[in-house]
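Participant: Structure provided below as structure tokens; questions to follow.
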Amino acid sequence: MSTISSASLLPAINAAPVLADARLHYVLRHFALAYEAVPAGLIGYADTQQSITVADAAAGFFQAQEPYPAAPNYREWAGQRVPVFFDAQPALPLLELAPGRCRINADLISAAFYLLSGWQEYYSDSRDRHGRFPYAASVQKRYGFVALPVVNYYFDVLRAAVEYVTGQPLRPRRWAGGAPVAAFISHDIDNLRSSWKVPAKADLKAVRLLRFGRRLWRHLTQPDAWDNLETVAATVASYGARSTFFILPEHRPGADGTPNADYRIDRPLWRRFLHLASQGFELALHGSIGTATDFARLSSEQSETFAEPASGIRFHYLRWEPRQTPMQLEALVMAGLRYDAALGFAEHYGFRHSYCHPFYPFDFTRGQPHSFLEIPLQVMDATLHHPNYLQLRADEILPALQPMLAEIEKFGGVASILWHNDHFDPANILTGPRQFAEIMAYLQQRGAAFLTGSQIVADLCGA
1 MSTISSASLL PAINAAPVLA DARLHYVLRH FALAYEAVPA GLIGYADTQQ SITVADAAAG
61 FFQAQEPYPA APNYREWAGQ RVPVFFDAQP ALPLLELAPG RCRINADLIS AAFYLLSGWQ
121 EYYSDSRDRH GRFPYAASVQ KRYGFVALPV VNYYFDVLRA AVEYVTGQPL RPRRWAGGAP
181 VAAFISHDID NLRSSWKVPA KADLKAVRLL RFGRRLWRHL TQPDAWDNLE TVAATVASYG
241 ARSTFFILPE HRPGADGTPN ADYRIDRPLW RRFLHLASQG FELALHGSIG TATDFARLSS
301 EQSETFAEPA SGIRFHYLRW EPRQTPMQLE ALVMAGLRYD AALGFAEHYG FRHSYCHPFY
361 PFDFTRGQPH SFLEIPLQVM DATLHHPNYL QLRADEILPA LQPMLAEIEK FGGVASILWH
421 NDHFDPANIL TGPRQFAEIM AYLQQRGAAF LTGSQIVADL CGA
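Each residue of the sequence shown is one higher than the one before, counting from 1 in the UniProt record's numbering.
As structure tokens, this is what we get:
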């Protein structure tokens, strides 16, 4: 996939150096969200008096603007070979124990901050043709760990240290009803009217005029196969679950010609969406092409589409400009925005920020966390078989995903699955309803709590 590498096409970098205390605060805030009742004040850098000390090995990296640190070393931890950035003493044990104290001999605070904050994409100038930071430019691709939640392994080292010092177990957080893992199922509603177009074009190309005429007549007189909101909801509900529908307000193409919705939101359609909401499904905003970098249009779509502001957003085509989009979302928080759900790689399933829990994106301008939550995306249907992406066969999908889903379960995280409504068309035998059913059955068997985005925010933040 082509990339744009010219910095002149991107917003300017507007960031201050991130000092050790800021990195420590950011990382420990998320550590405390991942486990229950984490004691405060135990962890610090080696020049402090805390019971658990971490080697300071960043060597000025965060005072510069390089997107990539030195290559990681690899350490064995919890049955995995884990890449560890900022590991200046690889010959020493990762965790060194002494009576009442322990030392972590790699800078796991800086390593966790680097991955979780999205440092690489903020400072990199690489973007694909949709303006996204590409998987090909990531450390996850370079070092082969996209399906491993590396930050969770760093946190597991911290957990072991805390348990040793305190003598008390530190348990992963539980989700609604005491579930060991959560699942966030979502649907981007891009197309409701276009299932007939591809086969119709094929008929015309092959001069099958009678078949084309019949197809056109069905299109004009019968509901489209993708006009299936109720079918999607019923399918999800059959697993005792509720999901989140991201609604795309704009039907005109973006300025770059990228299509938006193939429908207009008229009153009958909106009544259908409201009926889904009355059944416990969530309605959220699917920001149209261009809104990730245009606050006026984004704010207009939010206010004109929803009578009450939507709590969640995901941008169409997973667009996200790290130097601009988070600040736009921060400006919508006062209007009711609580979370974003766009941060996954379109090209590969896995962990774009190497973390399987929701997190607060880092504000590089102010040097502190943003106030909206990110529910990172791990699986998108199109990723699994799109010609530009993985091209998995139907029977390869669940086996490919199971190791990643097992990692999420291991750490009590959130499995975020995006399945577009048009992929519920029975004609789709590659990434269609059968493959969705296999994933849902697997999650159900593993005891996942199926939660909407707003429910995840409430569960995690207590409001």
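Even for Gly, the Cβ is constructed at its ideal location relative to N, Cα and C.
In this text the structure is predicted, and so the values were computed from the model without any measurement.
Report the rounded CA-to-CA distance for Ser5 versus Leu401, giving the unit in angstroms.
Facilitator: Reading the sequence shown from its first residue, position 5 is the one you call residue 5. Reading the sequence shown from its first residue, position 401 is the one you call residue 401. In this predicted model, Ser5 has a pLDDT of only 49, less than 50, meaning its place in the structure is not dependable; the value taken from the coordinates is given anyway. Their backbone Cα atoms lie some 32 Å apart in a straight line.
Participant: Given Leu158, which residues of its chain have a CB within under 8 Å of its CB, disregarding the five upstream and five downstream residues?
Facilitator: The count along the sequence shown starts at 1 and reaches residue 158 at position 158. Within the same chain, Leu158 has close Cβ partners Phe31, Ile43, Ile52, Ile104 and Leu108.
Participant: Would the region 108 to 124 and the region 160 to 167 be scored as touching if the rule is three or more Cβ pairs under 8 Å?
Facilitator: no
Participant: Would you call the region 14 to 23 and the region 361 to 373 touching, i.e. three or more CB-CB distances under 8 Å?
Facilitator: yes
Participant: Let me check understanding here. Comparing Cα to Cα, which of Arg323, Ser454 and Ser371 lies closest to Ala310?
Facilitator: Taking the first residue of the sequence shown as position 1, residue 310 is located at position 310. Selected option, being the one with the closest Cα: Ser454.
Participant: Tell me which same chain residues have a C-beta within less than 7 Å of the C-beta of Ile375, skipping the five on either side of it?
Facilitator: To locate residue 375, count along the sequence shown from 1; it is residue 375. If we look at Ile375 and ignore the five residues flanking it on each side, its Cβ neighbours are Phe184, Tyr339, Ala341, Pro358, Val414, Ser416, Gly453 and Ile456.
Participant: Quick one: what's Arg101 bridged to in DSSP?
Facilitator: Within the sequence shown, residue 101 is the residue found at index 101, counting from 1. Beta-bridge annotation (DSSP): Arg101 is paired with Ala98.
Participant: Consult DSSP for Phe315 and reduce its assignment to one of helix, strand or coil.
Facilitator: On the sequence shown, position 315 is the one that residue 315 refers to. Strand at Phe315.
Participant: Go to Phe113, then tell me how far its beta strand (DSSP E) extends in each direction, as first and last residue.
Facilitator: Mapped onto the sequence shown, residue 113 falls at position 113. From DSSP, Phe113 is part of no beta strand (DSSP E) but of the alpha helix (DSSP H) over Leu108 to Ser117.
Participant: Where are the alpha helix (DSSP H) runs, 4 residues long or more, that stay fully inside the UniProt domain "DUF7033" (105 to 191), in chain order?
Facilitator: Inside the UniProt domain "DUF7033" (105 to 191), DSSP marks whole alpha helix (DSSP H) runs of 4 or more residues at positions 108 to 117, 119 to 123, 139 to 143 and 150 to 166, from first to last along the chain.
Participant: Straight-line CA distance for Thr296 to Arg267?
Facilitator: Position 296 of the sequence shown, counted from the first residue, corresponds to residue 296. Position 267 of the sequence shown, counted from the first residue, corresponds to residue 267. Contrary to the premise, residue 296 reads as Ala rather than Thr in this sequence. Each residue's alpha carbon lies about 25 Å from the other.
Participant: Please list the segments of the beta strand (DSSP E) lying wholly inside the region 38 to 75, counting only runs of 3 or more residues, in order along the chain.
Facilitator: 43 to 45 and 52 to 54
Participant: Please identify the residue among Thr293, His316, Phe246 and Arg242 whose C-alpha is closest to the C-alpha of Glu330.
Facilitator: As a first step, residue 330 is located in the sequence shown; it is residue number 330 there, counting from the start. Selected option, being the one with the closest Cα: Thr293.
Participant: Give me the DSSP bridge partner(s) of Pro369.
Facilitator: Here residue 369 is taken as the residue at index 369 of the sequence shown, counted from 1. According to DSSP, which records beta bridges pairwise, Pro369 is partnered with Phe362.
Participant: With Gln80 as the anchor, note down where its beta strand (DSSP E) starts and where it stops.
Facilitator: Counted from its first residue, the sequence shown places residue 80 at position 80. First-last of the beta strand (DSSP E) with Gln80: Gln80 to Val84.
Participant: Are Gln80 and Leu148 closer than 9 Å when you measure CB to CB?
Facilitator: Along the sequence shown, one-based indexing puts residue 80 at 80. Along the sequence shown, one-based indexing puts residue 148 at 148. Yes, Cβ-Cβ distance for Gln80 and Leu148 is below 9 Å.
Participant: What does the alpha-carbon distance come out to for the pair residue 466 and Thr48?
Facilitator: Residue 466 is absent from the structure shown; the chain starts at 1 and stops at 463.
Participant: Tell whether a beta-carbon distance below 9 Å holds between residue 487 and Val333.
Facilitator: Since the first residue shown for the chain is 1 and the last is 463, residue 487 is missing from the structure and cannot be characterised.
Participant: Could you pull the DSSP bridge partners for Glu282 from this structure?
Facilitator: Sequence index remark: in the sequence shown, residue 282 carries index 282 (1-based). Bridge partners of Glu282: Thr244.
Participant: What residue range is occupied by the uninterrupted beta strand (DSSP E) comprising Ala415?
Facilitator: Against the sequence shown, residue 415 aligns to sequence position 415. Element bounds for Ala415: Val414 to Leu418.
Participant: Nearest to Arg75 by alpha carbon, out of Ala88, Tyr389 and Leu276?
Facilitator: Looking up residue 75 in the sequence shown gives position 75. Minimum Cα distance to Arg75 is reached at Ala88.
Participant: Just to confirm my understanding: we take Leu95, look at its own chain, exclude 5 residues before and 5 after, and list those with CB closer than 7 Å. What are they?
Facilitator: Numbered from its first residue, the sequence shown carries residue 95 at position 95. Answer for Leu95: Cys102, Ile104, Val157, Ala160 and Ala161, listed in chain order.
Participant: Just tell me which of Leu97, Gln445 and Phe315 has its CA closest to the CA of Ile247.
Facilitator: Here the question's residue 247 lines up with position 247 in the sequence shown. Out of Leu97, Gln445 and Phe315, Phe315 has the C-alpha closest to the C-alpha of Ile247.
Participant: What span of residues does the alpha helix (DSSP H) with Ser303 cover, start to end?
Facilitator: Working through the sequence shown from its first residue, we reach residue 303 at position 303. Note, Ser303: alpha helix (DSSP H), Phe295 to Thr305.
Participant: Are the region 346 to 360 and the region 379 to 386 touching by the rule of at least three beta carbon pairs closer than 8 Å?
Facilitator: yes
Participant: For Cys356, count neighbouring Cβ atoms within 10 angstroms of its own Cβ and tell me buried if that reaches 16, exposed if not.
Facilitator: Counting from one through the sequence shown, the residue named residue 356 turns up at place 356. Buried, since its Cβ has 16 or more Cβ neighbours within 10 Å.
Participant: Round the Cβ separation of Phe85 and Pro93 to the nearest angstrom and send it over; I've been treating them as touching at under 8 Å.
Facilitator: Taking the first residue of the sequence shown as position 1, residue 85 is located at position 85. Taking the first residue of the sequence shown as position 1, residue 93 is located at position 93. The Cβ separation is near 18 Å, so there is no contact.
Participant: With C-beta atoms as the reference, is Tyr317 less than 9 Å away from Ile289?
Facilitator: Walking along the sequence shown from the start, residue 317 turns up at place 317. Walking along the sequence shown from the start, residue 289 turns up at place 289. Yes, these two residues count as a Cβ contact at 9 Å.
Participant: For my contact list, Ala241 and Phe450 are in at a C-beta cut-off of 8 Å; report their separation, rounded to the angstrom.
Facilitator: If you number the sequence shown from 1, residue 241 lands on position 241. If you number the sequence shown from 1, residue 450 lands on position 450. Contact flag correct, Cβ pair sits at about 3 Å.
Participant: Exposed or buried, Ser278, counting other C-beta atoms within 10 Å across all chains shown (16 or more means buried)?
Facilitator: Residue mapping note: residue 278 aligns to position 278 of the sequence shown, counting from 1. Ser278 is exposed by the Cβ-count criterion.
Participant: Between Lys141 and Tyr135, what straight-line distance do the alpha-carbon atoms span, to the nearest angstrom?
Facilitator: By one-based count along the sequence shown, residue 141 stands at place 141. By one-based count along the sequence shown, residue 135 stands at place 135. Straight-line Cα distance between these residues: approximately 6 Å.
Participant: CB-CB under 8 Å to Gly336, same chain, minus the five flanking residues each way: which ones, in chain order?
Facilitator: Locating residue 336 in the sequence shown gives position 336, counting from the first residue. The residues are Glu308, Pro309, Ala310 and Ser311.
Participant: Runs of 3 residues minimum, wholly inside the region 403 to 459: which ones carry the beta strand (DSSP E) assignment?
Facilitator: 414 to 418
Participant: State the CB to CB distance for the pair Ile408 and Val181, rounded to an integer number of angstroms; the pair is presumed to be in contact (CB under 8 Å).
Facilitator: On the sequence shown, residue 408 is found 408 positions in, with the first residue counted as 1. On the sequence shown, residue 181 is found 181 positions in, with the first residue counted as 1. About 6 Å separates the two Cβ atoms, so the contact holds.
Participant: Beta carbon of Ile189, beta carbon of Ala111: below 9 Å?
Facilitator: Along the sequence shown, one-based indexing puts residue 189 at 189. Along the sequence shown, one-based indexing puts residue 111 at 111. No. Outside cutoff.
Participant: Which residues in the same chain have their Cβ closer than 6 Å to the Cβ of Phe436, if we skip the five residues on either side of it in sequence?
Facilitator: Within the sequence shown, the letter at position 436 stands for residue 436. Answer for Phe436: Trp419, listed in chain order.
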